[in-house]
Structure formats: structure tokens, C-alpha cells
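Just so we're aligned, residue 146 is where the sequence shown starts under the working numbering, counting upward by one.
Note sheet for the following structure.
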Amino acid sequence: MLKCYKSNIHTQKLDRLNEILPDSWIDLSQPTDDEISRVADITHVSRELLAKMLDDDELPRIETEKNATLIVIDVPAFISQEDKYVTYPLGIIITNNNYFITIAPKGTTLLNDFRKNTVKDFRTAKKSRFLIQVLNAAAASYIKALNEIYSEIEAREDTLQKSTQNEDLINLLATEKTLVYFTTSLKENDGVLDRLSKGNVIPLFEGDADLLDDTMIETHQAIDMAELYRKILSSITNTYATVISNNLNNVMKFLAGITIVLSIPTMISSFLGMNVWFGEIGTNHASAWVILGISVLVSIAAGIWLKKKGML
146 MLKCYKSNIH TQKLDRLNEI LPDSWIDLSQ PTDDEISRVA DITHVSRELL
196 AKMLDDDELP RIETEKNATL IVIDVPAFIS QEDKYVTYPL GIIITNNNYF
246 ITIAPKGTTL LNDFRKNTVK DFRTAKKSRF LIQVLNAAAA SYIKALNEIY
296 SEIEAREDTL QKSTQNEDLI NLLATEKTLV YFTTSLKEND GVLDRLSKGN
346 VIPLFEGDAD LLDDTMIETH QAIDMAELYR KILSSITNTY ATVISNNLNN
396 VMKFLAGITI VLSIPTMISS FLGMNVWFGE IGTNHASAWV ILGISVLVSI
446 AAGIWLKKKG ML
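Shown next as C-alpha cells:
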């Protein structure tokens, strides 16, 4: 999908354009080949540079051509309750002829606030500021996702204490995989920010350096959070793997104890029911009640003994 926006300095609004103009923002989301070709023809950015961003496995980096600079970062994306989050690349191209291009091979909600023009001091003509604002939004989205992940970890702790199901443990492993993705992507994003902070990739104007510093601080905070939550989750996973095993052992121990208690009446009845002479018990009309009483008393005694031994 191809959309084009431009800030209106008179109305302070973001206008949707029907054509691509200088100082505009070209918003490409899962673009087609025709859309890429159209953007390449108008902006004079090589088609190869644009087409690179169709790969979901593009790594964060900075790449410069004669008339354009490509900045690639990873952004988080929620995919499902089972698989949690993954990270997708987002490409940002700043051209020498005053175009700002974003390319997302997968749909992303990261740029929604920009599309709604709710970001403070956002102007499509201020390309350096726009770039840093996008990077700042990416860092903030990681922190938001990490807070949601930690809340889910805490919510699952009570369930795991009573669980004997592998599914509960597998859900935590999916969360741990998400944290691995986050940690790797954040560190690579941090490398991009470090290069930008040197000022030799894009020009930094008044206020840009401070915003970039804030973005780097948030990225470092997100890295620390992801690594901390990963350690906590790894500890929880190992602990509750043992808890689940113990819970299962307790269930099996209880079932074994119940089996022993219930087998006693069966053994007594089978023994006394054999076709052999047992004296008066075989002819006494009250023998059935006597056998039943003996069975109950022995079962109760066995149950008490097993309870003292911790088997019931």
C-alpha cells in the first residue's frame, strides 16, 4: 500500500496527497512491485534499495547511496496470544531531493500516531527530526511490550504453582523466545543510534541531539528490561518445571496410596472366598458383616498409616 502525506504549515494538519511531492512522507506498507517502481521513478532512489526492504529478515543498519540514506531498525509486532511478539524490519530512507520514505514489509502500528498527526513537533519537512521521532517511538513500543510481557509473567505464576500441564510451561517458553528476539533487535537498534549520534549520517539540528539522547536512553532501558525479564523468566521456568514434576509426583503418590487402601477389602474377600474350609465363618449368617467390618477396619488402619508416612 502506498500513501503520501505532507504537513500543512498553515492549518497545522497532515494532508493526504494524491501525488508524490517534495517534503512529503511516502508511507509504503507491504508495497507491490508497481508501487516500488513508481516511488523509484519519482524520487530517483534506486529500485534495488527500496526492494531490499521486502525481506522480513533485513538487519538493522545504515546504508548510504549517492542520493539517499537507508536506516533499518527492528520494531516489535504482536502476532498472537500463543506466539506473543516478533520483530519486523522498518526501513527509513531520507533522500537528497527532500523525500522521506518509510517501508514496512509487514503491517505495523508504530507509525499510526504519525498518520494521525498526534506526535508533538512532527513535520514531514523536518526529516532529521522525523527520523529520530520514529526511532523514539520504536524504543517506546519495546518498553510498552515489555511491560505487558512482565504483567503476563506475574499473572501466570499463580497458575503454575498448581499446574501439572506442560502447556503452561510451553507458554512461558514462547514468552522467553520473544525476549530473545527483543534483546537481539534492541542491541542492533542501539548500534544504529550510536552511528546517528556521531552526526555524520544525517545532519542534526537544534533539539535533535537531545531527542536522540533520550531515544538512546530509552533503548538502553529497554535492553536492560529485556535482559532482566529474560533472567527472571528463565529462573521461573526452571523452578516451575520442578514444581510441575513434584505436583505430578504427588498425584501419583496419592493414587498409589488410594490403590493400596482399596485393594485391602479385595484381598480379604478373595482370600476368604476361596473354596476351602474356614470353620464357622463359612456357615455363620453374620460372616459377611464380619468380613466387611474387618476389611473396613484394616483399610482405615492402612489409610492412617499411609497418612503418617505422607503417602496420602
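Where is the CB? At the ideal position from N, CA and C, for every residue including glycine.
As the structure is a prediction and not an experimental result, all values here were calculated from the model.
Asked: Unbroken alpha helix (DSSP H) run spanning L194, endpoints; Found: 192–196
Asked: Between the CA atoms of D335 and T364 - distance to the nearest angstrom; Found: 7 Å
Asked: Of the residues V435, A367, R274, A290, the one placed nearest L357, counting alpha carbons only; Found: R274
Asked: Beta strand (DSSP E) segment containing R268, residue limits; Found: No beta strand (DSSP E) contains R268, which DSSP labels as neither H nor E.
Asked: Inter-residue Cα distance where the pair is D202 and Y233; Found: 8 Å
Asked: Three-state secondary structure assigned by DSSP to T209; Found: strand
Asked: Through-space distance from I248 to T209, alpha-carbon basis; Found: 16 Å
Asked: Residues near D174 by beta carbon distance below 7 Å, same chain, minus five either side; Found: Correcting the residue identity first, residue 174 is Ser in this sequence and not Asp. Answer for S174: M146, A249, G252, listed in chain order.
Asked: Contact under 8 Å by Cβ, I187 with I165; Found: yes
Asked: Complete alpha helix (DSSP H) runs within the segment 161–196 (minimum length 4 residues, chain order); Found: 178–188, 192–196
Asked: Test item: CB-CB of S169 and Y244 under 8 Å; Found: yes
Asked: CB of A282 within 8 Å of CB of L318, strictly; Found: no
Asked: Buried/exposed call for F350, threshold 16 Cβ in 10 Å; Found: exposed
Asked: Residues that DSSP places opposite N153 in a beta bridge; Found: K158
Asked: Coil, strand or helix - T382 by DSSP; Found: helix
Asked: Simplified DSSP assignment, three categories, for T214; Found: strand
Asked: Segment contact, 8 Å Cβ cut-off, at least three pairs: the segment 183–197 with the segment 286–304; Found: no
Asked: Residue nearest to A354 in terms of C-alpha spacing, selected from A213, D160, L276; Found: L276
Asked: Cβ-Cβ separation, S414 to S440 (assumed contact under 8 Å), whole Å; Found: 7 Å
Asked: One or two residues paired with Y295 in a DSSP bridge; Found: DSSP output for Y295 lists no bridge partner at all.
Asked: Burial state of S390, where buried means 16 or more other Cβ atoms lie within 10 Å; Found: exposed
Asked: Status (buried if at least 16 other CB within 10 Å, exposed otherwise) for F223; Found: exposed
Asked: Assumed close pair A213, I181 - CB separation to whole angstroms, cut-off 8 Å; Found: The Cβ separation is near 14 Å, so there is no contact.
Asked: Exposed unless 16 or more other CB atoms sit within 10 angstroms - verdict on M361; Found: buried
Asked: Check whether T263 and Y150 have beta carbons under 8 Å apart; Found: no
Asked: Cα-Cα separation, N316 to V443; Found: 46 Å
Asked: Exposed unless 16 or more other CB atoms sit within 10 angstroms - verdict on V217; Found: buried
Asked: Contacting residues, own chain, Cβ-Cβ under 7 Å from L159 (five flanking each side not counted); Found: Y150, S152, N262
Asked: Span separating the alpha-carbon of G438 from that of I445; Found: 11 Å
Asked: Whole-angstrom distance between A371 and A185, CA atom to CA atom; Found: 38 Å
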